[in-house]
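Chemist: Just passing along the structure, written as structure tokens.
Shown next, in the form of structure tokens:
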């Protein structure tokens, strides 16, 4: 189950009350006050864990509380601090105030631990209030109350490459072929109802994360179809791979322009992401028809087929590939014809995407 949006009320613990106590020991006739302090209430922390991928473990939970501090005792014994409430979330979780929509926390780094609400301070015991004029204080402080916050958690997936395309263009098949993800695959639209993450191994020490985003349709940025629910996830991806079904009844250029428009309408950041294009299901066409459609698509994009085939693409199909040293972010890094089912140009696609990922990582680290 994938849960990407939950509302919770969280409380830090109340501080324990200080004790009112007096020493009562044999041979100590004037023992005096010895009431201990109350323990502090438990704090509320957020901890980011990359082994957690959803917010599903908060489903059905409305109120979560840290433990209260224990009251103080005689003989100046301090009460025990209340147990902290640790909220474990996956990377990419944002914490909003549910009433004002103010962004409170943006949690992206694995292992990150953030104090969100501090517990109430424990009250002081009566021994603190002894003075020359008050040898027998009968007063101790109550513990301070904890804090309460009504929050909304939203998860935005973090991936190096986000797959963007209409339903049933082969995104699930590609991610199942190229990575360790195992999405449900069927021959009808909207098979994928939840985003899937897969790790793509390039070499023993090199890899990147790919996200399969459920199909986007025209009007997705206005709430139509499934797209709006998942467009937010693409915001975090460093690069985009537009997947265009070249064998579909939908015109390939129309597919691309519609997808680009929906992404730009949703977020200006998305419009500026580095991107590439995969023309899928070329195996469903003959070489001549496939190349004719590829050439038409490139011409409409203002691109010319290239011959720089250092990724080892199948020589039967035309393609476009930029020189990374002269990279133009307004154009796709590459346009490849592929077939995930026939495993056509899948390895070249993997290595080319990794080069794009490295470029995005270098740009991010240089900021």
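Residue numbers (this note's numbering): 1273 to 1639.
Ideal placement from N, C-alpha and C gives every residue a C-beta, glycine not left out.
1) Enumerate in chain order the residues of its own chain whose CB-to-CB distance from residue 1443 is below 6 Å, with the five nearest sequence positions on each side excluded.
2) Touching or not, the stretch 1319-1334 and the stretch 1279-1292, by the rule of three or more beta carbon pairs under 8 Å?
3) Give me the Cα-Cα distance between residue 1293 and residue 1355, rounded to the nearest whole angstrom.
4) Cα separation between residue 1322 and residue 1629?
5) Give every residue of the same chain whose Cβ lies closer than 7 Å to the Cβ of residue 1399, excluding the five residues on either side of it in the sequence, and list them in chain order.
6) Evaluate residue 1476 with the Cβ neighbour count: other Cβ atoms within 10 Å of its Cβ, from every protein chain shown; 16 or more gives buried, anything less gives exposed.
7) Check whether the stretch 1405-1413 and the stretch 1370-1385 are in contact - that is, three or more C-beta pairs closer than 8 Å.
8) DSSP state of residue 1633, grouped into three classes?
9) Evaluate contact between the stretch 1523-1543 and the stretch 1555-1573, counting only Cβ atoms and requiring at least three cross-stretch pairs below 8 Å.
10) Residue 1518 and residue 1553 - do their beta-carbons sit closer together than 8 Å?
11) Hey, which unbroken runs of the beta strand (DSSP E) at 3 residues or more fall wholly within the stretch 1331-1372?
12) Return the chain-ordered ranges of every beta strand (DSSP E) run that is complete within the stretch 1521-1569 and spans a minimum of 3 residues.
13) Within the same chain, show all residues whose beta-carbon is closer than 6 Å to that of residue 1319, passing over the 5 residues directly before and after it, in chain order.
14) Taking the alpha-carbon of residue 1564 as reference, which of 1584, 1546, 1408 and 1591 has the nearest alpha-carbon?
15) Does the distance from the C-beta atom of residue 1310 to that of residue 1391 stay below 8 Å?
16) Determine, using beta carbons only, whether residue 1547 and residue 1512 come nearer to each other than 8 Å.
17) On the CB-based measure, 16 or more other CB atoms within 10 Å of its CB, does residue 1449 come out buried or exposed?
18) Once DSSP output is grouped into helix, strand and coil, what is the label at residue 1458?
19) Leaving out five residues on either side along the sequence, give the residues of the same chain with a beta carbon under 7 Å from the beta carbon of residue 1585.
20) If you count every other CB in all the chains shown that lies within 10 Å of the CB of residue 1538, and 16 or more means buried, which is it?
21) Tell me, please, which residues DSSP counts as bridged to residue 1511.
22) What's the call for residue 1440, buried or exposed, on a 16-neighbour Cβ count within 10 Å?
23) In this structure, does DSSP put residue 1377 in helix, strand or coil?
24) Please report how far the alpha carbon of residue 1314 lies from the alpha carbon of residue 1376, in whole angstroms.
25) Ignore the nearest five residues each way along the sequence and tell me which others in residue 1325's own chain have a CB closer than 6 Å to its CB.
26) Exposed or buried, which one is residue 1303 when buried takes at least 16 other CB atoms within 10 Å?
27) Assuming residue 1479 is part of the beta strand (DSSP E), what are its boundary residues?
28) Could you tell me the alpha carbon to alpha carbon distance between residue 1396 and residue 1289, rounded to whole angstroms?
29) Pull up the DSSP beta-bridge partners for residue 1312, would you.
30) What are the boundary residues of the beta strand (DSSP E) that includes residue 1385?
31) Considering only their Cβ atoms, is the gap separating residue 1285 from residue 1373 smaller than 8 Å?
Modeler: In terms of the structure at hand:
1) Position 171 of the chain shown, counted from the first residue, corresponds to residue 1443. Excluding residues within five positions, the ones whose Cβ falls inside 6 Å are 1435, 1437, 1484 and 1515.
2) Verdict: yes, contact present.
3) Looking up residue 1293 in the chain shown gives position 21. Looking up residue 1355 in the chain shown gives position 83. Their Cα atoms are separated by approximately 25 Å.
4) The sequence position of residue 1322 within the chain shown is 50, counting from 1. The sequence position of residue 1629 within the chain shown is 357, counting from 1. Here the alpha carbon of residue 1322 sits roughly 20 Å from the alpha carbon of residue 1629.
5) Translated into positions along the chain shown, residue 1399 becomes position 127. Cβ neighbours of residue 1399 beyond the five flanking positions: 1305, 1306, 1307 and 1348.
6) To locate residue 1476, count along the chain shown from 1; it is residue 204. Looking at its Cβ environment, which holds fewer than 16 other Cβ atoms inside 10 Å, residue 1476 is exposed.
7) Counting C-beta pairs closer than 8 Å gives fewer than three between the stretch 1405-1413 and the stretch 1370-1385, which falls short of the contact rule.
8) Position 361 of the chain shown, counted from the first residue, corresponds to residue 1633. Residue 1633: helix per DSSP, three-state reduction.
9) Yes, they touch.
10) The residue you call residue 1553 lines up with position 281 of the chain shown. The residue you call residue 1518 lines up with position 246 of the chain shown. Taking C-beta atoms as the reference points, residue 1553 and residue 1518 count as a pair closer than 8 Å.
11) Scanning the stretch 1331-1372 from its first residue to its last, the whole beta strand (DSSP E) runs of 3-plus residues come out as 1335-1337, 1357-1361 and 1365-1369.
12) Runs of the beta strand (DSSP E) spanning 3 or more residues and lying entirely within the stretch 1521-1569 occur at 1546-1552, in chain order.
13) The residue given as residue 1319 occupies position 47 in the chain shown. If the five residues before and after residue 1319 are omitted, its C-beta is found closer than 6 Å to the C-beta atoms of 1358, 1360 and 1385, all from its own chain and listed in chain order.
14) Counting from 1 along the chain shown, the entry for residue 1564 is found at position 292. Relative to the Cα of residue 1564, the nearest Cα in the group 1584, 1546, 1408 and 1591 belongs to 1591.
15) For the purposes of this step, residue 1310 is taken as residue 38 along the chain shown, with counting starting at 1. For the purposes of this step, residue 1391 is taken as residue 119 along the chain shown, with counting starting at 1. No. Outside cutoff.
16) Numbered from 1 along the chain shown, position 275 holds the residue referred to as residue 1547. Numbered from 1 along the chain shown, position 240 holds the residue referred to as residue 1512. The answer is yes: Cβ separation under 8 Å.
17) Here residue 1449 refers to the residue found at position 177 of the chain shown. Label assigned to residue 1449: buried.
18) By 1-based counting over the chain shown, the position of residue 1458 is 186. Only weak support exists for where residue 1458 lies, its pLDDT of 39 falling under 50; the coordinates are left without a value.
19) Here residue 1585 is taken as the residue at index 313 of the chain shown, counted from 1. Take residue 1585, set aside five residues on each side of it, and the residues of its chain with a beta-carbon closer than 7 Å to its own are 1591, 1608, 1617 and 1620, in chain order.
20) Residue mapping note: residue 1538 aligns to position 266 of the chain shown, counting from 1. Flag for residue 1538 reads buried.
21) Here residue 1511 corresponds to residue number 239 of the chain shown, with the count starting at 1. Under DSSP, residue 1511 forms a beta bridge with 1433 and 1546.
22) Against the chain shown, residue 1440 aligns to sequence position 168. Around the CB of residue 1440, 16 or more other CB atoms lie within 10 Å, so the residue is classed as buried.
23) Locating residue 1377 in the chain shown gives position 105, where the first residue counts as 1. When DSSP states are grouped into helix, strand and coil, residue 1377 belongs to the strand group.
24) The count along the chain shown starts at 1 and reaches residue 1314 at position 42. The count along the chain shown starts at 1 and reaches residue 1376 at position 104. Each residue's CA atom was taken as its position, placing residue 1314 and residue 1376 some 20 Å apart.
25) Reading the chain shown from its first residue, position 53 is the one you call residue 1325. Closer than 6 Å at the Cβ level, and outside the excluded window around residue 1325, lie 1362.
26) Taking the first residue of the chain shown as position 1, residue 1303 is located at position 31. It is exposed - the Cβ of residue 1303 has fewer than 16 other Cβ atoms within 10 Å.
27) On the chain shown, position 207 is the one that residue 1479 refers to. Annotation for residue 1479: the continuous beta strand (DSSP E) segment containing it runs 1479-1484.
28) The residue labelled residue 1396 in the question sits at position 124 within the chain shown. The residue labelled residue 1289 in the question sits at position 17 within the chain shown. Rounded to whole angstroms, residue 1396 to residue 1289 spans 7 Å at the Cα level.
29) Residue 1312 sits at position 40 when you count from the first residue of the chain shown. Residue pairing by DSSP places residue 1312 in no beta bridge whatsoever.
30) The residue you call residue 1385 lines up with position 113 of the chain shown. In the DSSP annotation of this structure, the continuous segment of the beta strand (DSSP E) that includes residue 1385 starts and ends at 1385-1389.
31) For this step, residue 1373 is matched to residue 101 along the chain shown. For this step, residue 1285 is matched to residue 13 along the chain shown. Not a contact, by the Cβ cut-off of 8 Å.
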